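Asker: Count the sequence shown with the numbering used here and you get residues 991 to 1185, in order.
Note that the Cβ used here is the ideal one computed from N, Cα and C, for glycine as well.
Predicted model only: the values in this text are computed from it and were never measured.
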Amino acid sequence: MGVYCERIVDLEATAADAPRLATRIIDWLVAEHILTRELSRDRMYSDYAAEGYVPGPNWQAITGADWGNGPVAIALGRNIFVEGQGSDTPAHATCPACRTDTVVIDYPGGSWEPDREIWAPFAAALSTWRTTGAATATCPTCTAATSVTDWRWSSDFTLSCLAFEFWNWPPLTDAFHQELAARLGHPLRRQVVKL
Ligand SMILES: [Zn+2]
């Protein structure tokens, strides 16, 4: 089988709050013996962290199966998380001002590749956001310039300052997702990544 990662993205953590929130969650998971404080890069391929936390003896408590696991990586800083494999753009971007969808990947038109000309100004704005924390993208339809954090993207594309990547863990239970959301105090989005 290939490499599988379940990524849990915090949709509201700020760059300033994320390190403290991550520490709180790691402390909880270590106390429950789900993780240890040992770090490893074995069997993980994160774009966002060089190492992850090694599972502890009680790791199965938050999964529905027992077929093995790898490290848990923490993604801090302003990042863009894309579900699935390969793509680095959303299928569409929705303008907050006029609600028009700018189509980036025209799946209904039979395309599986992003239109790089359409995507280029969004990519530039997102790059600025990652560096500075603030950037606007201009709507091709109504010409309104809106913060990239207010644009709506297709559901597989998420901007966030905090994510947890469970490398090669079995699917995590709904109860775990609910408790994690409660402890973070934020809505979460679950993404599956296959390499
Ligand atoms: Zn617009």
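Looking only at its own chain, which residues have a Cβ that is under 7 Å from the Cβ of residue 1178, when we skip the five neighbours before and after it?
Answerer: Walking along the sequence shown from the start, residue 1178 turns up at place 188. Answer for residue 1178: 998, 999, 1000, 1001, 1167, 1170, 1171, listed in chain order.
Asker: Take the Cβ of residue 1133 as the centre, count every other Cβ of all protein chains shown within 10 Å, and call the residue buried at 16 or more, exposed below.
Answerer: On the sequence shown, residue 1133 is found 143 positions in, with the first residue counted as 1. Exposed, by the Cβ-count rule.
Asker: Does the distance from the C-beta atom of residue 1151 to that of residue 1003 stay below 8 Å?
Answerer: Taking the first residue of the sequence shown as position 1, residue 1151 is located at position 161. Taking the first residue of the sequence shown as position 1, residue 1003 is located at position 13. In this structure, residue 1003 lies closer than 8 Å to residue 1151 by Cβ.
Asker: Between residue 1165 and chain C, is the shortest Cβ-Cβ distance under 8 Å, so that the two count as touching?
Answerer: No chain C is part of this structure, which consists of one protein chain only.
Asker: With distances taken from each beta carbon to the nearest heavy atom of ligand 1, which residues come in below 7 Å, in chain order?
Answerer: 1085, 1087, 1088, 1090, 1129, 1131, 1132, 1134
Asker: Just the Cα atoms here: how many angstroms apart are residue 1072 and residue 1042?
Answerer: For the purposes of this step, residue 1072 is taken as the residue at position 82 of the sequence shown. For the purposes of this step, residue 1042 is taken as the residue at position 52 of the sequence shown. Roughly 20 Å between the two C-alpha positions.
Asker: Can you tell me whether residue 1155 is buried or exposed? The criterion is at least 16 other CB atoms within 10 Å of its CB, across all chains shown.
Answerer: Taking the sequence shown and counting its residues from 1, the one referred to as residue 1155 is at position 165. Flag for residue 1155 reads buried.
Asker: Check residue 1081 in the structure and name its three-state DSSP category.
Answerer: For this step, residue 1081 is matched to residue 91 along the sequence shown. Note: residue 1081 maps to coil in three-state DSSP.
Asker: Going by the DSSP bridge assignment, what does residue 1166 pair with across the sheet?
Answerer: Along the sequence shown, one-based indexing puts residue 1166 at 176. Note: residue 1166 sits in no beta bridge, so no partner.
Asker: For residue 1117, tell me which candidate among 1099, 1079, 1129 has the shortest Cα-Cα distance.
Answerer: Indexing the sequence shown from 1 puts residue 1117 at position 127. Nearest option by C-alpha distance: 1079.
Asker: Within the region 1078 to 1155, note down every full alpha helix (DSSP H) run reaching 4 residues or more, in order along the chain.
Answerer: 1106 to 1122
Asker: Could you compute how far the alpha carbon of residue 1136 sits from the alpha carbon of residue 1068?
Answerer: For this step, residue 1136 is matched to residue 146 along the sequence shown. For this step, residue 1068 is matched to residue 78 along the sequence shown. One C-alpha to the other measures close to 18 Å.
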